[in-house]
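Sequences listed follow chains W and C, in order. One rule links them: number in my numbering = place in the first sequence (from 1) + 771. One rule links them: number in my numbering = place in the second sequence (from 1) + 6. Cβ coordinates follow ideal geometry from the N, Cα and C atoms, glycine included. Here the structure is a predicted model, which is why all the values come from computation and not from measurement. Single-structure report; data block below.
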Amino acid sequence: MQYIQQRGSLRNSILLLPRYFICIVAAFFVLIPIVTVFLGSFKTNAELTSSPFSLPTTWHWENYSSILLQGSFWQSVGDSVITTLATVALLLLLACPISFIFARVPFRGREVIFNIVLFGLLFPITMAILPLYITLRNLLLVDTLLGVILPQVAFGLPTTILILRNFFQDIPRELEDATYVDGGSQIDFFLRVLLPLALPSLAVISMLAMVASWNNFLLPLLVLNSPQLWTLPLQIMQFQGEHSTDWALIMSFVSITIIPAIIFYLCAERYLIAGLTTGAVKG
Amino acid sequence: MQLTSSHPLEKAEASARPPTSSQRRSVGRLWMILLFLLPGFLLYAVLVLLPVVQAAYYSLFRWSGLGPLTEFYGLKNYVLAVTDNVFLKAFSNNLIILVLSLLIQLPFALMLALTIGKDLPGRTIFRTIFFLPFILSDVVTGVIWTFIYRPEGGLLNTTLQSLFPGYQLQLWLADPKMVLGCIFLVMLWKYFGLHLVLYVAAIQNIPDEIVDAARIDGSSPLQVVRYITIPLMSSTIRLSIFLSALGSLQYFDLVWVMTMGGPVHASETMATYLLQYGFRSFQMGYGSAIGVIMFATSFVFALMYQRLIMRRDLAGSLPEG
Chain W
772 MQYIQQRGSL
782 RNSILLLPRY
792 FICIVAAFFV
802 LIPIVTVFLG
812 SFKTNAELTS
822 SPFSLPTTWH
832 WENYSSILLQ
842 GSFWQSVGDS
852 VITTLATVAL
862 LLLLACPISF
872 IFARVPFRGR
882 EVIFNIVLFG
892 LLFPITMAIL
902 PLYITLRNLL
912 LVDTLLGVIL
922 PQVAFGLPTT
932 ILILRNFFQD
942 IPRELEDATY
952 VDGGSQIDFF
962 LRVLLPLALP
972 SLAVISMLAM
982 VASWNNFLLP
992 LLVLNSPQLW
1002 TLPLQIMQFQ
1012 GEHSTDWALI
1022 MSFVSITIIP
1032 AIIFYLCAER
1042 YLIAGLTTGA
1052 VKG
Chain C
7 MQLTSSHPLE
17 KAEASARPPT
27 SSQRRSVGRL
37 WMILLFLLPG
47 FLLYAVLVLL
57 PVVQAAYYSL
67 FRWSGLGPLT
77 EFYGLKNYVL
87 AVTDNVFLKA
97 FSNNLIILVL
107 SLLIQLPFAL
117 MLALTIGKDL
127 PGRTIFRTIF
137 FLPFILSDVV
147 TGVIWTFIYR
157 PEGGLLNTTL
167 QSLFPGYQLQ
177 LWLADPKMVL
187 GCIFLVMLWK
197 YFGLHLVLYV
207 AAIQNIPDEI
217 VDAARIDGSS
227 PLQVVRYITI
237 PLMSSTIRLS
247 IFLSALGSLQ
257 YFDLVWVMTM
267 GGPVHASETM
277 ATYLLQYGFR
287 SFQMGYGSAI
297 GVIMFATSFV
307 FALMYQRLIM
317 RRDLAGSLPE
327 G
């Protein structure tokens, strides 16, 4: 038995080499585009074409300073931040109470309403984008940040409610009874017991919603016309169109926008992956 | 089709609760339900349900998006769509992307996940790297890859030129024959990490004892993978096929950023086609019909897939009514 285990572990450690080899080659191909963009952002256009993979011979910081000094860049950062924070805040504000009702407050017809909400999982925003645009136009929301925020929240509700409802259902009944024994109401239970317990789930949901909102392209593209409202993805598109030949400058712009995204990802990775794998993997 | 049934606990709870129900209390409860439910539900109804119903309605008219709906068209928009070569091209492009995703992207992610396995030292670093492209926006991804595919001075041509002397420069995204494959490669780069993360999580969930037992019985590592790991991951694999297929049918962002469906509609998808007709040429009725077709395709696929393949998996997670 010991012999088998030893032989097994020896075989395992020999197998480690090809496994590392495969992973490193794959990692290499994943990282190349990002690393070249980053290095390219410090090069001149001539150097970018002649030796795309090498380190820059001299590190040019001018591109960065010229972008960081542009008002339009900071304007888009501001628009993206406002849109994202408002989306996450409103999503939580609306989804938590609904999920609470669906999980804990039975009444006639509740399951029908819940199924209507779940029905939304089947609709991609692309399918209904034309009527949605007309609805937004009728509500005078075209060309406002609210016109991006509200649909993002609305289309985010079904998934969020599904996750939160399952979580709320799993909280033991005894905790709820204890609140009533202490003279609290159902609202007390929701605000003082359930929500604090749900903080980790709320963090996961917020981060997924943040990434989705920050990266959203279709809605801002259609809703936002005025340049001063453009979120970062629109600004990048515009910038690429304007400087279509100056690739070093475009790379600087791209780098400036992906560095914070990568830092955020490294900090929030655990939550993001937990959020995406919940439900996909049955334990 | 009822997706859920009420939790058994709740039925017990309704009768077990001490009868404190004074009239005042139940009125307060009604108010709470309304207060909690209505704001979110209204937003959902106005911005999700209503547009979906409107899409079906508009699709029966010829309409520019302004003024009243007067020109009733019946199903003519649908007939126009299915007889338009560009739409058929877009539709088949969606199917091609779907097939490529299932045949290349998912096996690639699965192979890498199995390589990482449960015990590779440093596996979280690899997971972090492989998942990284997924969190970048489609716009950033599209811009980066536009640079890579640029015919003159682009990364790919430059590299191939220095590796193989005498290499003929390729047009990549500007070549109608190649453009779809090029876009698929970018999708592979951006999205395989999502599937990998799902697979790795599924592998982590497989108990050590089962694998150990098989090893002691003399199974080779490949046999373990074939007869234990993959069967135990099957529900996750089926889900990832589902997600990947639905994503392929609705694909928009990357294509729009990189080619806008061009050159000469070679990379058009249903979603880019919808946008071209709905917004650029103000054919709201026709665009809505495309939306309905897109939805119907996804819906039929989802229904068939769930009926035929995912039934077992859903039986546990969503109680059937």
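Open item on the list: Strictly under 9 Å for the Cβ-Cβ distance: is residue 871 of chain W near chain C by that measure?
Closed with: Any Cβ of chain C closer than 9 Å to the Cβ of residue 871 of chain W would place that residue at the interface, and such an atom is present.
TODO: Measuring alpha carbon to alpha carbon, tell me which of W:998, W:809, W:1044 ends up nearest residue 974 of chain W.
DONE: Ranking the options by Cα distance to residue 974 of chain W, first place goes to W:1044.
TODO: Determine, using beta carbons only, whether residue 166 of chain C and residue 155 of chain C come nearer to each other than 9 Å.
DONE: Contact flag unset, no.
Task: residue 758 of chain W versus residue 883 of chain W: straight-line alpha-carbon distance, rounded - done: The structure shown does not extend to residue 758 of chain W, since chain W is modelled only from 772 through 1054, so no value can be given for it.
Open item on the list: Buried or exposed, going by whether 16 or more other CB atoms sit within 10 Å of the CB of residue 867 of chain W?
Closed with: Looking at its Cβ environment, which holds 16 or more other Cβ atoms inside 10 Å, residue 867 of chain W is buried.
Task: Exposure of residue 27 of chain C, with buried meaning 16 or more beta-carbon neighbours within 10 Å - done: Residue confidence is low: residue 27 of chain C scores 48 on pLDDT, short of 50, so the model does not pin down where it sits. No coordinate-derived value is stated.
TODO: Hey, could you find the ends of the alpha helix (DSSP H) residue 978 of chain W is sitting in?
DONE: For residue 978 of chain W, the enclosing alpha helix (DSSP H) begins and ends at 970 to 986.
Open item on the list: Check whether chain C comes within 9 Å of residue 857 of chain W, counting only Cβ atoms and requiring the distance to be less than that.
Closed with: It does not; no Cβ of chain C falls within 9 Å.
TODO: Take the Cβ of residue 282 of chain C as the centre, count every other Cβ of all protein chains shown within 10 Å, and call the residue buried at 16 or more, exposed below.
DONE: In the assembly as shown, residue 282 of chain C is a buried residue. Its beta-carbon has 16 or more other beta-carbons within 10 Å.
Task: Neighbouring residues, chain C, relative to residue 915 of chain W (Cβ below 9 Å) - done: Simply none; closest approach about 14 Å.
Open item on the list: My output table needs one value for residue 68 of chain C: the three-state DSSP class, helix, strand or coil.
Closed with: Here residue 68 of chain C sits in strand by DSSP.
TODO: Give the DSSP bridge partners of residue 945 of chain W, in chain order.
DONE: In the DSSP output, where bridge partners are listed per residue, residue 945 of chain W has none listed.
Open item on the list: Determine whether the beta carbon atoms of residue 263 of chain C and residue 147 of chain C lie at a separation below 9 Å.
Closed with: Against a cut-off of 9 Å, the Cβ pair of residue 147 of chain C and residue 263 of chain C comes out as a contact.
Task: Reduced DSSP category for residue 1010 of chain W - H, G, I as helix; E, B as strand; rest coil - done: DSSP places residue 1010 of chain W in helix when its eight states are reduced to three.
Open item on the list: residue 976 of chain W and residue 891 of chain W - do their beta-carbons sit closer together than 9 Å?
Closed with: Note that the C-beta distance between residue 891 of chain W and residue 976 of chain W is not below 9 Å.
TODO: Excluding the 5 residues preceding and the 5 following residue 865 of chain W in the sequence, name in chain order all residues of the same chain whose CB lies nearer than 7 Å to its CB.
DONE: Correct list, in chain order: 924, 928.
Task: Limits of the unbroken alpha helix (DSSP H) element including residue 814 of chain W - done: Segment: none, residue 814 of chain W is in no alpha helix (DSSP H) and carries neither H nor E.
- [ ] Report yes if the CB atom of residue 992 of chain W is closer than 9 Å to the CB atom of residue 1028 of chain W, and no otherwise.
- [x] The criterion of a C-beta distance shorter than 9 Å is not satisfied by residue 992 of chain W and residue 1028 of chain W.
Open item on the list: Within the continuous alpha helix (DSSP H) that includes residue 244 of chain C, where are the two ends?
Closed with: Its alpha helix (DSSP H) spans residues 240 to 255.
Open item on the list: Run through chain C and tell me which residues come within less than 7 Å of residue 986 of chain W, C-beta to C-beta.
Closed with: Ordered by position in chain C, the residues that pass the 7 Å Cβ test against residue 986 of chain W are 143, 144.
Open item on the list: Please classify residue 223 of chain C as buried or exposed, where buried requires at least 16 other C-beta atoms within 10 Å of its C-beta.
Closed with: Burial call: exposed.
Task: Burial state of residue 953 of chain W (16 or more Cβ within 10 Å) - done: Its Cβ having fewer than 16 others within 10 Å, residue 953 of chain W is exposed.
Open item on the list: Check whether chain C comes within 9 Å of residue 1001 of chain W, counting only Cβ atoms and requiring the distance to be less than that.
Closed with: No, because no Cβ of chain C sits closer than 9 Å to the Cβ of residue 1001 of chain W.
Task: Nearest to residue 102 of chain C (by Cα), restricted to the options C:152, C:46, C:188 - done: Ranking C:152, C:46, C:188 by CA distance to the CA of residue 102 of chain C puts C:188 first.
Task: Residues of its chain near residue 62 of chain C, where Cβ-Cβ distance is below 7 Å and the 5 sequence neighbours each way are ignored - done: Result list for residue 62 of chain C: 298, in chain order.
Open item on the list: Residues of chain C with CB closer than 8 Å to the CB of residue 891 of chain W, please, in chain order.
Closed with: Near residue 891 of chain W (Cβ distances below 8 Å), the residues of chain C are 50, 54, 55.
- [ ] For my contact list, residue 139 of chain C and residue 195 of chain C are in at a C-beta cut-off of 8 Å; report their separation, rounded to the angstrom.
- [x] Confirmed, Cβ separation roughly 6 Å.
Open item on the list: Residues in the same chain with beta-carbon distance under 6 Å from residue 293 of chain C, minus the five sequence neighbours each way, listed in chain order, please.
Closed with: If you ignore the 5 residues before and after residue 293 of chain C, its C-beta comes within less than 6 Å of the C-beta of 280, 283, 284, all in its own chain and listed in chain order.
TODO: On the DSSP bridge assignment, give the partners of residue 288 of chain C in chain order.
DONE: Answer by DSSP bridge pairing: none, since residue 288 of chain C is not bridged.
Open item on the list: Can you give me the C-alpha to C-alpha distance between residue 893 of chain W and residue 272 of chain C, rounded to a whole angstrom?
Closed with: Residue 893 of chain W and residue 272 of chain C have their C-alpha atoms spaced approximately 28 Å apart.
Task: Neighbourhood of residue 857 of chain W by C-beta distance below 6 Å, restricted to the same chain and skipping five residues each side - done: Closer than 6 Å at the Cβ level, and outside the excluded window around residue 857 of chain W, lie 920.
TODO: Could you list the residues in the segment 158 to 182 of chain C with a C-beta less than 7 Å from some C-beta on chain W, going in chain order?
DONE: Cβ contacts with chain W come from 159, 161, 164.
Open item on the list: Check whether the segment 792 to 805 of chain W and the segment 119 to 127 of chain C are in contact - that is, three or more C-beta pairs closer than 8 Å.
Closed with: Yes: at least three Cβ pairs fall under 8 Å.
Task: With 16 other Cβ atoms within 10 Å as the buried cut-off, status of residue 949 of chain W - done: Burial check for residue 949 of chain W: the Cβ neighbour count within 10 Å stays below 16, so the residue is exposed.
TODO: Apply the 10 Å Cβ neighbour rule to residue 274 of chain C and answer buried if 16 or more other Cβ atoms are within range, or exposed otherwise.
DONE: Buried, by the Cβ-count rule.
Open item on the list: For residue 815 of chain W and residue 801 of chain W, I'd like the C-alpha separation in whole angstroms.
Closed with: Whole-angstrom Cα-Cα distance: 24 Å.
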